[in-house]
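Below: one structure, written as structure tokens.
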Amino acid sequence: MAEVPSARMFVPCEPVWQMLVRAAGHTVQYSACVLGRGGECQPDDTFGRVFPSAAPGHVVSVGEREDWRGYLTAFHAHRPGVTERVFARLESDPYEWVTAPLRELGSGLVVDLACGSAPTRPWLRECRWVGVDGSAEELAAAAVAGRGPLVRARADALPVTTGAVGAVCAVMALPLLTPLPVVLDEIRRVLRPGGPLVALVPARLGLDPRGLFAWLRALRAAGVAAPRWPNPRAREHLGGVLGRAGFEVLDSERRVFSFPLESPEDAALLLQSLYDPARPPSRPTDPHVAATVAESVRALPMPLRRVVARPQARVPSHVVSP
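Mapping of the sequence shown onto full-length UniProt numbering: position 51 corresponds to residue 51, and the numbering continues sequentially without gaps.
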């Protein structure tokens, strides 16, 4: 495919072109919308290229432990689609919940930021939708599932013209994306006036001693620390972070889902989904550790928060970066 053009605008268009994409050492075929310039389809002119971003066997060294961007690149290279697999084990689907405000959008374009394996796509089939992610391996997983169109791009430098987007969806993304102030500025820039940002983030357990002790038992049995995030405030105080970045919070709702630990396979999946820069993402989960975790706990609460916000008409003069 062609090199990424310098233009700042993309236009999802028809017809859909079949592209061969080389990713993670194999070739997959998927339908992707050609992103042309000036509203015209150009089959040989695209913004998205999918190539391996981390070599097989890449290990995060001690010196890289605080390099979140490098760690997350390796994490998603080795474990694409892991969040979708975890959510698939919950008693109800968080993706249905987070996409509910977007299904009412109408004809506006939805940009799924840090879309991963694009699990929101089945819930937004009637919407004009494009998934954006920086991970070649996550996009390859989305392509194999027949989800598209897809664009490989950084969240802090979106190839989207200003004010062209009807809504932005960010599922389990804002606590991870860096530098967060720049990412939020980009979201504000691409949204049309009144366009919403719909975000899903992990929430606090709150007053749930049983849930807290269940998590402590599971983490102790696994010998791992509590999950960490590059932007913990975007998880714990997202409303305040968005407010300081020039957004008005319209709705904030917390729900607690339940992850069943019915087998060592369930425990292994859960442990694979936890961010821990001290542990190389290439390291497989020890089967004995997974069995111990499954024996220690039967289920774990998974609290999530959905926040709907929109850019303020004018950013207050006292805005401070999060």
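We treat Cβ as the ideally placed atom computed from N, Cα and C, and that holds for glycine.
From residue i to residue j, what does the alpha carbon distance come to, in whole angstroms?
| i | j | result |
| --- | --- | --- |
| Pro122 | Leu269 | 23 Å |
| Ser99 | Pro196 | Before going on, a small fix: residue 99 reads as Thr here, not Ser. Cα to Cα, Thr99 sits roughly 12 Å from Pro196. |
| Ala114 | Glu262 | 30 Å |
| Ala291 | Asn231 | 32 Å |
| Gly223 | Leu300 | 17 Å |
| Pro280 | Val82 | 16 Å |
| Thr120 | Cys169 | 9 Å |
| Glu186 | Glu126 | 25 Å |
| Ala167 | Ala278 | 36 Å |
| Asp251 | Ala245 | 16 Å |
| Tyr275 | Ala218 | 15 Å |
| Pro209 | Arg189 | 42 Å |
| Leu242 | Ala203 | 16 Å |
| Pro264 | Arg283 | 17 Å |
| Ala225 | Ala77 | 22 Å |
| Asp93 | Leu105 | 20 Å |
| Ala221 | Tyr71 | 24 Å |
| Phe75 | Pro193 | 35 Å |
| Glu236 | Pro101 | 22 Å |
| Gln272 | Trp68 | 17 Å |
| Ala136 | Pro149 | 14 Å |
| Arg128 | Thr161 | 16 Å |
| Asp156 | Ser107 | 25 Å |
| residue 323 | Leu238 | This structure gives no information on residue 323, because the portion of the chain shown stretches from 1 to 322. |
| Tyr95 | Phe257 | 12 Å |
| Thr285 | Phe87 | 19 Å |
| Thr73 | Pro179 | 15 Å |
| Arg103 | Gly240 | 26 Å |
| Ala142 | Leu207 | 37 Å |
If you follow the beta strand (DSSP E) that residue i is in, where does it begin and where does it stop?
| i | result |
| --- | --- |
| Leu304 | Ala299 to Pro311 |
| Ala170 | Ala167 to Val171 |
Verify whether the separation of the beta carbon atoms of residue i and residue j is less than 8 Å.
| i | j | result |
| --- | --- | --- |
| Ala199 | Val249 | no |
| Ala294 | Ala267 | yes |
| Leu124 | Val110 | yes |
| Arg228 | Pro303 | no |
| Leu177 | Val183 | yes |
| Ala140 | Pro80 | yes |
| Leu175 | Ala234 | As written in the sequence, residue 175 is Pro, which differs from the Leu given in the question. Yes, these two residues count as a Cβ contact at 8 Å. |
| Pro159 | Val165 | no |
| Arg306 | Trp97 | yes |
I'd like the span of the alpha helix (DSSP H) that includes residue i, first residue to last.
| i | result |
| --- | --- |
| Val82 | Val82 to Phe87 |
| Ala181 | Contrary to the premise, residue 181 reads as Pro rather than Ala in this sequence. Where Pro181 is concerned, the enclosing alpha helix (DSSP H) stretches over Leu180 to Val190. |
| Pro287 | Pro287 to Ser296 |
| Asp251 | No alpha helix (DSSP H) holds Asp251; the beta strand (DSSP E) holding it covers Phe247 to Pro260. |
| Pro264 | Pro264 to Gln272 |
| Leu72 | Trp68 to His78 |
Please check the pair residue i and residue j, which I expect to be a contact at CB under 8 Å, by giving their CB distance rounded to whole angstroms.
| i | j | result |
| --- | --- | --- |
| Val297 | Ala214 | 5 Å |
| Val201 | Met172 | 7 Å |
| Gly134 | Arg154 | 5 Å |
| Phe259 | Leu90 | 6 Å |
| Ala118 | Arg147 | 4 Å |
| Gly116 | Glu138 | 5 Å |
| Leu216 | Leu205 | With 8 Å as the limit, Leu216 and Leu205 do not qualify as a contact, their Cβ atoms being about 11 Å apart. |
Whole runs of the alpha helix (DSSP H) within the stretch 98-158, excluding any shorter than 4 residues: 136-144
Secondary structure, beta strand (DSSP E): runs of 3+ residues fully inside the stretch 197-243: 197-202
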